[in-house]
Amino acid sequence: MPIKYYEAPDVKRRVDRIIHQLDLAHISPQLVYCCRSRGSKSRYVVARIHGRRRIWQEVLNLPPAYVIEVISERYDRLAEVDQEKTLIHELLHIPRGFAGGFRPHKGYVTREIVERLYTKLQRNKPGNL
Ligand SMILES: [Zn+2]
Numbered sequence: 008m009p010i011k012y013y014e015a016p017d018v019k020r021r022v023d024r025i026i027h028q029l030d031l032a033h034i035s036p037q038l039v040y041c042c043r044s045r046g047s048k049s050r051y052v053v054a055r056i057h058g059r060r061r062i063w064q065e066v067l068n069l070p071p072a073y074v075i076e077v078i079s080e081r082y083d084r085l086a087e088v089d090q091e092k093t094l095i096h097e098l099l100h101i102p103r104g105f106a107g108g109f110r111p112h113k114g115y116v117t118r119e120i121v122e123r124l125y126t127k128l129q130r131n132k133p134g135n136l
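Numbering follows this note's numbering, with no gaps: position 27 of the sequence shown is 34.
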């Protein structure tokens with residue numbers, strides 16, 4: 008069975024809120040898409056991010072764009088806090104230049120950085136003022 012992709016407006020709303028509340032100004036929310044997949048063969052992946060790389064942008068004359076894919080079988084079982092940390096992790100892979108490429112884990116996407124941003128997110132939640 009091939010992997011199947013579904014719309015994920017709930018994930019998109021969360022991602023937009025995280026971008027906004029963490030002031031990730033280098034990320035254009037309208038160019039970040041979200042989907043939910045079922046049937047992935049990878050056993051441990053909770054989510055992943057895909058980028059529209061420069062070759063596609065230039066040859067098809069399209070802007071850079073990213074898709075955050077959550078793997079339903081794992082993401083949907085997580086507690087809300089871990090879902091949010093997962094989305095923060097994926098957003099951290101988007102580089103400052105927002106050009107369709109990625110930042111590596113080392114130095115950019117670490118547990119420590121995710122925890123720090125999650126704490127900041129809790130502080131910036133409306134109602135927590
Ligand atoms: Zn990662």
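Glycine included, every Cβ here is placed at the ideal spot set by N, Cα and C.
In the structure shown, the three-state DSSP call for Tyr12 is strand.
The beta carbon of Ile78 lies closer than 7 Å to those of Ser44, Ser47, Val52, Val53, Ala54 in the same chain, with the five residues before and after it left out. Each residue's CA atom was taken as its position, placing Cys42 and Pro16 some 8 Å apart. Taken through DSSP and simplified to helix, strand or coil, Tyr40 comes out as strand.
With 16 or more neighbouring CB atoms inside 10 Å of its own CB, Arg59 falls in the buried class.
Only residues of its own chain outside the window of five on either side were considered, and among them Val53, Ala54 have a CB closer than 6 Å to the CB of Thr93, listed in chain order.
At a Cβ-Cβ threshold of 8 Å, Leu98 and Leu31 count as neighbours. The C-beta distance from Val74 to His96 rounds to 15 Å, too long to meet the 8 Å contact threshold.
Distances between the C-beta of Val116 and the heavy atoms of ligand 1 include at least one below 7 Å.
In this structure, Glu91 lies near Tyr125, with their beta-carbon atoms less than 8 Å apart. Under the criterion of beta carbons closer than 8 Å, His57 and Glu76 qualify as touching, at roughly 7 Å.
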